[in-house]
Every structure is written in C-alpha cells, then in structure tokens.
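Shown next, in structure tokens, is the structure this report addresses.
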C-alpha cells in the first residue's frame, strides 16, 4: 500500500509540473480525492442537471469542475515548493476530509508566510485585497478551513461578497466543504446566504445539499437561506437531496415546511428523482411516509413515479410504490402503462412480475377472482376457515378405508388445491394454531373422554383456561407501539438535526421517530415497538413490552393471583406470551397422556410385535387420533424449545430475541472476555425474574418500573454512535447535553 501511495504521488507530481509549466505534457489536471491524486478529464460543456459539477441526469458524481483556467496572478514557484504546498498528508486528524476545489486551483499555492529578517524590519500589513490576497488564495483558505488566513484576508479588506467570474462566493466553498465555522464567520461579516453562483446559478444551500452536509444545511437555513429557490434548471434543494439519496437532508427540509410534492421545472417531484437515482429504501420510503403522491405525473413524459422506477429497474422502489397503492392504470404520453414497461424491461423478479400482472388491467378478464381478491372481509374469512377444512380433510383421508395409493393421490390433490386457494386468498390475519387447537378439543371430548374419565377431562379443561387467557392477552395487548402525531414527528426531526445528532441507526425512516433504546421497527406490522422481542405469527402480533404508571403485579403466596384492577393498561404481552407457551406445553402433555390411555385401552397390541410393528398397529387402530396426536407432538416439541429459549433469554441473559440476534448493531452491547454476550440490562437471575414477571412480595422484592417508550439512554449515560465515541476519545471532550439531560444519540458525522 505504501509503494502504491508513493508511486501515485510521484506520478501526480510529474503531471502537475507539466501542467504548471504549460508545456502541454499534462492534458488532464489533477484533483484531490480520498488521500490520492487522481487524474480526471476536462469538463465537457454543461448539459443536463448539474449542481456544482454534479448531474441529475447521470453526472459523473465526482468533484465538481467548473472549467477554471489558472490565472497568472503569482510568479511560478519552484517545483519543490509546489510539491510541498500540494502534497497530500498521510496521517489526517479525526474527521478531516479534503476540501472541494476546482482542478485548476490545485496549481495555485498559498502566499508563503513572510519570514522576518534580522536586517530588515517586518513589512507593513497589506492595505488592499487584490494585490496581496488573490481570490484563489482566499478560496483555498476557505476550502482547507484555514481560519487565521481567512481572518487576515477579511481584516485586510477582502470583500466577503467577492465572487469569481461564475459568481461563486466564499460561502459557496464553505458550504460544499462543510466548513461551519467559516460559514458562520462569513455570514456574520455580511455574506449573502442566497447568493447565486456557478454554472447552474445555485445557492450555497444547493451546494451543501448536494454533498449531504446536514449541519451546514441547518446553519444556512437558521440564517435565512431559502430552500425553495431554484437553480437555472428549475431544481430546488429538495430535488437535489432526493436525487442524491441524502435522507437526513430530505427529512429536515420537509420538516421545515417544504412541500413534499413540489415539482421542478420539468414537473419532476422529489419522489420521482428518488426512485430514478436511488436503489435503496430511502429516501423513497421517507417521501412516501411524508405523503408524497405516487400518482403525480411529470410534464415532459407524463410518467408517474412507478413509471420511472420501472424504467430504471428499481425493484425496491417498485415494491414500495405498490405497497402505497401506486396507480397501475395510468398511461404516460407514449401510451405506456406501468405493466407494459415491466413486460418490456423483464424485471429479474418473478414474484414482482406476478404481482404487477395481478394488479394491472390484464387481470380484468377474471372479474370474479378479482372481486374476491380485493374483498378484504372475504379474504380474512377464507384464510381463517381454510386451515380448519384442510386439517379435517387430511384426517378423514387417513381414516378412510381405501387403498394407500389412493390416499396418497387424494393428499397430493388436496395439497395442490389448498396451495392454489391459499395463494389467491391468503390474508396475514390467519393463524395456523386455531384449527389444530379446535380439532384437539373435538377429539378429546369425542374419543378420549370416555376412556380417561372426568378427572382427566376436568384437568385438561382447567389447564386450557389460562392457556386461552394468555393467548388472548398476547393477541390483543399493545406490545408497546410507539405512535406520535405529525407535529411531534416534525419536532423530533428538527430537534435531532439542529442538535447535530442525526443518525440512521437511531431514526426510523418509516415511522419518522427517534427510536428508543431496545426498540425496533417490525416489518410485518409496519410499526416501531418498544423493547421489541419478535413478531409471532401464531398470535398475529408483535411481542414487546411497555411499562406505564399502572402495572399488572403478580403476588406470590400459595397461588398466583392478579391484584391490579387494570389488566390492559401498561401490560406486557411478552410476559403473557411466555406464560402462553408454558400453558400450551402443559396442555400438550395432558393430551398425550390421554392418547396413551386410549391406545392402551382400545387398541390391544400383542407384546410379540416389534416397536415398528406396534407403531403401525397403533396408527391403523385409529388413524384420525394418530393424525391429531402427531400434530400435538410436533407442536409440543417446538413449543417446549421456544419456551425454554425465551426463559433463558429474559431471565438468564436479560436480552430479547432481537438483541441476541443483532447485538452487534447496538453500541451498548459488548462481549465478555470469554466471548459470551454481555447485556447491560443484566441484574441477576433473581432480579431479572422479578422484573419480567412484575413480582411483588410484601415489599421483600420490588420490580423495576421503566417506560421503554421514553428510554433513550442507559440510565442517563451517553449513548453515542461508535464513530462519535472514537471522536470523543481522540479529542478528549464531552458532547453537550440536551435540555432533558440526555445526550443525543444521533450525530451528523463528516463522511
């Protein structure tokens, strides 16, 4: 790597000398990028959208080049002096990045500092700016964050509004290089925040937006910068941020009042720019969450956002738009519908192609199926009833006295029919647990009850009561959904951005909220849940926990009873879910006991048979009971494993399922010396049990009450990102706290 750096620097120096001498030996000037010297071609004439050298229509995406020609304002220095001035440092301070400079300025060195001589007195301070402070030198001081040099130039009379031939001011260069201190100083000196400059006549806010410098955008807007101003191609700052994928800037601009559907000069909205230029979820998802219209059409081609996404083969954006009911029957000026574009582009996603076909006009030839599919009530009813019918049919096929091959054929036919029906009418509210439980009770009271008697039946019924209670509570109790009003979401975004703390790790771009500690966004429910454990399809709900002022407390005496009159307010469905698993396993054991008694009593099997022969005899004795028993046995096995895993996690490890799987994403989790997971919420087995089950025993033990919806730090301690922690360790300084005393989790780091 060192050899590569030295070779690259040597070649860069040789090319630079040829460029400065003007001998034609270097046809490609050099720019500084990523600590190396990279030759880049001369800029072509301006075409398409281009902000400070970027292009909305497929620009090169590198450093902006404005076609500067190096003016002969200074004498040509020696080669050694130029190499010394422009050589790139190897070891940079934390957070340093190279400035944004045009290539021709790379050959203009800063004025060397005057070294006083013993024989002659020091020279007097300059009185006029143009003679001793050329524009290129002041611009370089701005780009390199040389505040003393810039301060000296301003004190010597250099005009803060001075611009080059293209109208680019010092504030433009400070904005595009994220020099906040210099920008604030220039604004205090009277710099115009909305000055138009560059080939596109863009403002400093445009330049900062193009680079994604959120802190600079905040600074400029706090001093009156207008985000609605357009460049010469009609693009506002929101369009620039959306086209370059700067999610944080998009959020801040919309939160400050910029209309999400503002069109540019060609009628392109921010959503159209986002789906055209970004293959990721954001900022497309954020724009849709803010209410961007997927049905808006541009003026030039008449395309909607879905048209643009399909033309650019952006599968992620297509799925997001379809989830937000993007219209499928809209044609552009060429008469193309989204489905016709999808057929032409041949997207490499069969499931998405089928979905587009089902939603397009091509499916209108089957109106009856279409009516059933769009009828939500019918789909829910069909999804809930189908498992009952399928389970019963399979059991009766096994119980039928027909040939085994014929049974196999019926089972295959049933599978094909059930799969087709389920594929067309499936709804997410269907739970596969209900049909099994229903037929278990039918089988017990129709066949097993007469064999085991009333005592076992009453025991089975009594054990079922807490089972269904805990199932109902797990199904209906709020797992800790975090909900904010639109005004509160806007306030959260603005406060995070203006406090210099905006990081995607702690911000949900779907719910537009700051994520509390231990929370996560559930992709199934499409909502953020406090102390998220997992999403359970068996109860059709997320498993989480919220703690409020009122709690369901469990007292241990001779039996467990509920003392609180409020059962739903502030309760945790995670606790109910674990108790549901335990009760389900106990009911499975009781049913297996009844099955054993039935086979021993009703099915006489000779002792001379082998284990395999006895097993076949039991199955043939009562095939329906065997079918139900196999289901109960399988469910009992996975329920036992799941219950043991849940108890081990919450009581022994003090973590949730999500934290155990993704602990590497959270900075507050660490590993012990032996490599095992260490939870910061660990309080010991005894106290973990008390906290989880809310056990209170006459004051001898008390659970800790914490509202996980409002917990953003570890006991008020600093919870910054990993990059912020590294920066804090290097500079040995603390970050300022917010008014509430909690340190902001989210930061805007220079990338």
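Residue numbers (this note's numbering): 51 to 801. By construction, the Cβ of each residue, glycine as well, lies at the ideal position given by its N, Cα and C atoms. Please read these numbers as outputs of a predicted model, since none were measured by experiment.
Check whether residue i and residue j have beta carbons under 8 angstroms apart
i           : j           : result
residue 221 : residue 243 : yes
residue 233 : residue 255 : no
residue 727 : residue 710 : yes
residue 402 : residue 380 : no
residue 580 : residue 566 : yes
residue 627 : residue 586 : yes
residue 651 : residue 430 : no
residue 286 : residue 311 : no
residue 217 : residue 246 : yes
residue 737 : residue 746 : no
residue 568 : residue 706 : yes
residue 266 : residue 289 : no
residue 382 : residue 357 : yes
residue 742 : residue 625 : yes
residue 275 : residue 292 : no
residue 445 : residue 678 : yes
residue 471 : residue 443 : no
residue 750 : residue 701 : no
residue 517 : residue 441 : no
residue 410 : residue 389 : yes
residue 264 : residue 557 : no
residue 509 : residue 332 : no
For residue i, the first and last residue of its enclosing beta strand (DSSP E)
i           : result
residue 584 : 584-586
residue 593 : 591-593
residue 571 : 570-572
residue 243 : No beta strand (DSSP E) holds residue 243; DSSP gives it neither H nor E.
residue 280 : Element bounds for residue 280: n/a, residue is neither H nor E.
residue 578 : 577-579
Spatially closest choice to residue i from the options, by CA coordinates
i           : options               : result
residue 671 : 729, 718, 254 and 497 : 497
residue 680 : 253, 490, 327 and 743 : 490
residue 757 : 272, 531, 317 and 448 : 531
residue 633 : 762, 537, 761 and 487 : 487
residue 493 : 357, 641, 389 and 528 : 641
residue 303 : 528, 704 and 272      : 272
residue 334 : 349, 364 and 314      : 364
residue 806 : 360, 502 and 433      : Any property of residue 806 remains undetermined from this structure, which presents the chain solely from 51 to 801.
residue 235 : 248, 226, 264 and 204 : 204
residue 649 : 638, 658, 387 and 674 : 674
residue 391 : 374, 355 and 373      : 355
residue 229 : 202, 190, 249 and 215 : 190
residue 511 : 526, 525, 523 and 495 : 495
residue 540 : 248, 198 and 298      : 298
residue 526 : 283, 593 and 662      : 593
residue 373 : 638, 399, 405 and 553 : 405
residue 469 : 433, 503, 447 and 448 : 433
residue 313 : 713, 371, 296 and 284 : 284
residue 384 : 350, 409 and 667      : 350
residue 764 : 740, 729, 744 and 739 : 729
residue 693 : 635, 523 and 503      : 635
Expected contact under 8 angstroms - CB spacing of residue i and residue j to nearest Å
i           : j           : result
residue 644 : residue 506 : 6 angstroms
residue 281 : residue 251 : 6 angstroms
residue 325 : residue 367 : 4 angstroms
residue 210 : residue 239 : 4 angstroms
residue 241 : residue 219 : 7 angstroms
residue 570 : residue 708 : 5 angstroms
residue 447 : residue 461 : 6 angstroms
residue 295 : residue 347 : 23 angstroms between Cβ atoms; not a contact.
residue 691 : residue 668 : Actually they are not in contact, since the Cβ atoms of residue 691 and residue 668 sit about 25 angstroms apart, beyond 8 angstroms.
Residue interval of the alpha helix (DSSP H) (run including residue i)
i           : result
residue 260 : 254-261
residue 401 : 400-409
residue 519 : 504-526
residue 740 : 735-743
residue 199 : 197-205
residue 560 : Per DSSP, residue 560 belongs to no alpha helix (DSSP H) and is neither H nor E.
residue 710 : 707-712
residue 543 : 536-548
residue 717 : No alpha helix (DSSP H) contains residue 717, which DSSP labels as neither H nor E.
residue 812 : Because the chain spans 51 through 801 in this model, residue 812 falls outside it and cannot be assessed.
Any C-beta of chain C under 8 angstroms from that of residue i
i           : result
residue 510 : Among the chains of the structure shown, chain C does not appear; only one protein chain is present.
Alpha helix (DSSP H) segments (min. 4 residues) lying fully within the region 291-369: 297-305, 320-327, 334-339 and 355-361
Uninterrupted alpha helix (DSSP H) stretches inside the region 647-692 (no shorter than 4 residues): 661-671
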